[in-house]
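Undergrad: Submitted below is the structure of interest, expressed as structure tokens.
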Amino acid sequence: MSKIREAFRKGKAFIPFITCGDPNIDTTLEVVRSAAMNGADIIELGIPFSDPTAEGPVIQGANIRALRNGITTEKIFDMVKELRRDVKIPLVFMTYANVVFSCGTDRFLARCEEVGIDGLILPDVPFEEKDEFSAACVNHGVDFISMIAPTSEERIAMISREAQGFIYVVSSLGVTGVRREITTDLPSIVRAVRENTEVPCAIGFGISTPEQAKTMAGIADGVIVGSAIVKIIGQYGGDSPSYVGEYVRTMKDAVLS
Amino acid sequence: MTNKAGRFGIHGGQYIPETLMNAVIELEQAYNRFKDDEAFTSELSDLLNNYAGRPSRLYYARKMTEDLGGAKIYLTREDLNHTGAHKINNVLGQALLAKKMGKSRLIAETGAGQHGVATATAAALMGMSCVVFMGVEDTVRQALNVYRMRLLGAEVIPVETGTGTLKDAVSEAFREWTSRIDDTHYCLGSVMGPHPFPTIVRDFQAVISREIKSQVLACEGRLPDAVIACVGGGSNAIGSFYHFIGDSGVRLIGCEAAGRGVETFETAATIATGRLGIFHGMKSYFCQDEHGQIAPVYSISAGLDYPGIGPEHAHLHDTGRAEYVPVTDEEAVRAFEYLARTEGIVPAIESAHAVWQAMKLAPSMSRDSIIVITISGRGDKDCAAIARYRGENINE
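Chains A and B, in that order, are what the protein sequence lines are. Okay, so the first sequence: first residue is 36 according to the working numbering, each after it adds one. Okay, so the second sequence: first residue is 646 according to the working numbering, each after it adds one.
Okay, here's the thing in structure tokens:
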């Protein structure tokens, strides 16, 4: 069983997302450590892309800040290598197809294996295009994480049957970003997933408050939070690790309650 | 030329968020159902002929031919279409299709504003609402078209992310589509994006080469030696090439925007400077840095200012069936001025890239050879910008 699957066996999982290099690598290192120490079960590490078409304004802004400050994929691999001296929870990359493809898909995944990355999420790679990436993932022991959207309907079964690691259930239409309300019928989506796979489900997109996190944890196996954390980092910059730690602790408590 | 997964050789595909997959599948199914439907095709033909003003004229440019002293030059006059460019061909097709699919709202990206104006026009005609995304840079370069879209009842949203140009407008239109699918069709303006868009847009633009072929056969009794068109995403070029792809004696030449030159960073010449990548839903060639970050491209022409090229063009380049050449801002401006003075035709600055290539090529060809240049749009929208390029400070 993969490390990611195991991470879900300790109860409901809390999965924070952090854009690497925003505002710089040193801050990201400390934010990741702080999140891990405060109860994060898995951490999603965003590799910035110039044109992140699935992201709302908050994470777009983080991508721009990080790229402006000279972040590269290679620097992020080095950062993960350093993190792996003390951070033991699963780490998952989230980026766009071109970042992986331009590096050379096999070379990218070989580096993932070498530095200790457990999973890969590519929001612009749907089921129909996944083989060119998931094959290399299999070769290097990295879980290719599939996404399911409110519009997936009859596609849920096919996606679930080939899912690895966990399934990323997108809570609402649109791009990433904080939402006041989530109106999708998530229980029936999760039910449809569970009819087809044992792979756990985590819900993401639009979640920011402990109340939302608690509700989502009641439906799925885990909760993913991105924009709310990236906002804290945007606000506090180099001082953000302790604020992120505090937030992760509150959210993890909400998920378990 | 496409296979099941919407591929052109290794290019194409559907690299989009899961949220949009059922929308593009639904679009493909609707397109397959209607494309050969007699009622649909006759309704579209009626719109193209009686509303847009087709067929386009194939005009023999006698003075230009004599001046260059080589190949006979014909201009296919897409600039005479309603709304002033070839964009209307595709938009009428997609708007009609969207209507059949029960959609009530069109969204579109636009660079120079021609596709936005065409979409706003079709929306007004068919009683649909319309939102156009346009890079903030382009809203300044093409202020007149912004007003035209608003006049037609569309909402124009200036896009400030990234470089504030066409690629950012495309990204924003995709984001908008992800958040509102039920009543909304994304009326993509070029032969790019995820399958089935490159095929649908190409089919709707293929009317250009169908007409060129029958017109040139009618007046010359033979096929042309070369067909030349400008390429950004590549919709007027694929439309001009399509029915000649099987005729190996016809050279197909796409003219990319080289901006300040392919040796500078201020260029949008994808085939000349880009490499294979995945972006905006497709695998194709893209201008990008060594880390796969999409490059901030540049061209004087807002309509060619795009870091990628449609997947079918990428494939035609791979197989060598079509040639792609870079043309700089300066060359395009010279061709813009040349055509105005020689033939009394002011082409869009985009189309002027193709005119330049013909000016270069024609003198080396024999007098009984034939070149067809696609004048994809008219240049009224560009006059103020070209005047400024030449140092005259005039307002729109």
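All C-beta atoms, glycine included, are put in the ideal place defined by N, C-alpha and C.
1. Within 8 angstroms (strictly less), CB to CB, does K812 of chain B reach chain A?
2. What residues in its chain sit with their C-beta under 7 angstroms from that of R119 of chain A, if we drop five residues either side in the sequence?
3. Taking the Cβ atom as the reference point for each residue, do E163 of chain A and Q739 of chain B lie within a distance shorter than 8 angstroms?
4. Any beta-carbon of chain A closer than 8 angstroms to the one on N667 of chain B?
5. Pick out whichever of A:D61, A:K165, A:R284 and A:I77 has its Cα sitting closest to the Cα of K45 of chain A.
6. What distance in whole Å lies between the Cβ atoms of L713 of chain B and A1007 of chain B, which are believed to be in contact at a cut-off of 8 angstroms?
7. Classify L921 of chain B as helix, strand or coil using the three-state DSSP reduction.
8. Assign A913 of chain B to one of three DSSP states: helix, strand, or coil.
9. If we define contact as Cβ-Cβ less than 8 angstroms, is M193 of chain A a contact residue for chain B?
10. DSSP beta-bridge partners for F931 of chain B?
11. Look up Q938 of chain B in the DSSP assignment and say whether it is helix, strand or coil.
12. If contacts are defined as beta-carbon pairs under 8 angstroms, then E688 of chain B and G1022 of chain B qualify, I think. What distance do you get, rounded to the angstrom?
13. Threshold first: 3 residues or longer. Then list the beta strand (DSSP E) segments lying entirely within the stretch 763 to 850 of chain B, N to C.
14. What's the gap between the Cα of V279 of chain A and the Cα of G269 of chain A?
15. Check the C-beta distance from S169 of chain A over to P185 of chain A and give it rounded, since I have them as a contact under 8 angstroms.
16. Return yes when the Cβ of V177 of chain A is within less than 8 angstroms of the Cβ of C147 of chain A, no when it is not.
17. With DSSP as the reference, label A959 of chain B as helix, strand or coil.
18. So, is the C-beta of P819 of chain B closer than 8 angstroms to a C-beta in chain A?
19. With distances taken Cα to Cα, identify the nearest neighbour of G212 of chain A among A:G96, A:P235, A:E117 and A:I60.
20. With 7 angstroms as the C-beta to C-beta threshold (strictly closer), list the residues of the stretch 117 to 137 of chain A near chain B in chain order.
21. From T108 of chain A to G798 of chain B, what does the alpha carbon distance come to, in whole angstroms?
22. Rounded to the nearest angstrom, how far is the Cβ of I39 of chain A from that of P158 of chain A, given a contact under 8 angstroms?
23. Quick one: measure Cβ to Cβ for H888 of chain B and R855 of chain B, integer angstroms, because I've assumed they're closer than 8 angstroms.
24. What residue range does the beta strand (DSSP E) around K266 of chain A cover?
25. Tell me the DSSP secondary structure of D178 of chain A in three-state form.
26. Which whole-angstrom value describes the C-beta separation of C875 of chain B and A753 of chain B, a residue pair presumed to lie in contact below a C-beta threshold of 8 angstroms?
27. Express the C-alpha separation of G657 of chain B and A902 of chain B in angstroms, rounding to a whole number.
28. Using DSSP with H/G/I as helix, E/B as strand and the rest coil, what is N648 of chain B?
29. Check E230 of chain A in the structure and name its three-state DSSP category.
30. Could one say the Cβ of R284 of chain A lies closer than 8 angstroms to chain B's Cβ atoms, at least one of them?
31. Report yes if the CB atom of G809 of chain B is closer than 8 angstroms to the CB atom of V781 of chain B, and no otherwise.
32. At a Cβ threshold of 8 angstroms, is T823 of chain B touching chain A?
33. Taking all protein chains shown into account, decide if L665 of chain B is buried (16 or more other Cβ within 10 angstroms of its Cβ) or exposed.
34. Residue range of the alpha helix (DSSP H) that C147 of chain A falls in?
35. Just to confirm before moving on: does the CB-CB distance between V234 of chain A and G257 of chain A stay below 8 angstroms?
36. Classify H731 of chain B as helix, strand or coil using the three-state DSSP reduction.
TA: On the basis of the data shown:
1. Closer than 8 angstroms to the CB of K812 of chain B there is at least one CB belonging to chain A.
2. Setting aside the 5 residues that flank it on each side, R119 of chain A is surrounded in the same chain by V150 and G151, each with a C-beta closer than 7 angstroms to its C-beta; the list follows chain order.
3. At a Cβ-Cβ threshold of 8 angstroms, E163 of chain A and Q739 of chain B do not count as neighbours.
4. Yes, contact with chain A.
5. The option with the nearest alpha carbon to K45 of chain A is A:I77.
6. Yes, they are in contact, since the Cβ atoms of A1007 of chain B and L713 of chain B sit about 4 angstroms apart, within 8 angstroms.
7. The answer is strand: DSSP assigns L921 of chain B an E or B state.
8. Taken through DSSP and simplified to helix, strand or coil, A913 of chain B comes out as coil.
9. Answer no: the Cβ-Cβ gap between M193 of chain A and chain B never drops below 8 angstroms.
10. Answer is B:R920 and B:G953, bridged to F931 of chain B.
11. Coil.
12. Rounded, the Cβ-Cβ distance is 25 angstroms, inconsistent with contact.
13. Within the stretch 763 to 850 of chain B, the complete beta strand (DSSP E) runs of at least 3 residues fall at 774 to 780, 800 to 804 and 829 to 831.
14. V279 of chain A and G269 of chain A have their alpha carbons spaced roughly 11 angstroms apart.
15. Wrong, their Cβ atoms sit about 23 angstroms apart, outside the cutoff.
16. Taking 8 angstroms as the Cβ cut-off, C147 of chain A and V177 of chain A qualify as a contacting pair.
17. In the structure shown, A959 of chain B adopts helical secondary structure according to DSSP, grouped into three states.
18. Reading off the sequence, residue 819 of chain B comes out as Phe, not Pro. Yes, F819 of chain B lies at the interface with chain A (some Cβ there is under 8 angstroms from its Cβ).
19. For the options A:G96, A:P235, A:E117 and A:I60, the alpha carbon positioned closest to that of G212 of chain A is the one of A:G96.
20. Residues A132, N133, V134, F136 and S137.
21. Rounded to whole angstroms, T108 of chain A to G798 of chain B spans 45 angstroms at the Cα level.
22. Not a contact, Cβ separation roughly 18 angstroms.
23. Right, the Cβ-Cβ distance comes to about 5 angstroms (below 8 angstroms), so this counts as a contact.
24. Per DSSP, K266 of chain A belongs to no beta strand (DSSP E); it is in the alpha helix (DSSP H), S262 to Y271.
25. It is a strand residue.
26. The beta-carbon distance between C875 of chain B and A753 of chain B, rounded to whole angstroms, is 20 angstroms. This is too long to meet the 8 angstroms contact definition.
27. A straight line joining the alpha-carbon of A902 of chain B with that of G657 of chain B spans about 22 angstroms.
28. Confidence at N648 of chain B is low in this model, with a pLDDT of 47, below 50, so its placement is unreliable and the value that follows should be read with caution. In the structure shown, N648 of chain B sits in coil (DSSP, three-state: anything other than H, G, I, E or B).
29. Looking at E230 of chain A - three-state DSSP - the assignment turns out to be coil, as it is neither helix nor strand.
30. So, not an interface residue.
31. Yes. Within cutoff.
32. With respect to chain A, the C-beta atom of T823 of chain B has a partner C-beta closer than 8 angstroms.
33. So L665 of chain B counts as buried.
34. According to the DSSP assignment, C147 of chain A belongs to the alpha helix (DSSP H) that extends over T140 to V150.
35. Here V234 of chain A is not near G257 of chain A, since their CB atoms are 8 angstroms or more apart.
36. Looking at H731 of chain B - three-state DSSP - the assignment turns out to be coil, as it is neither helix nor strand.
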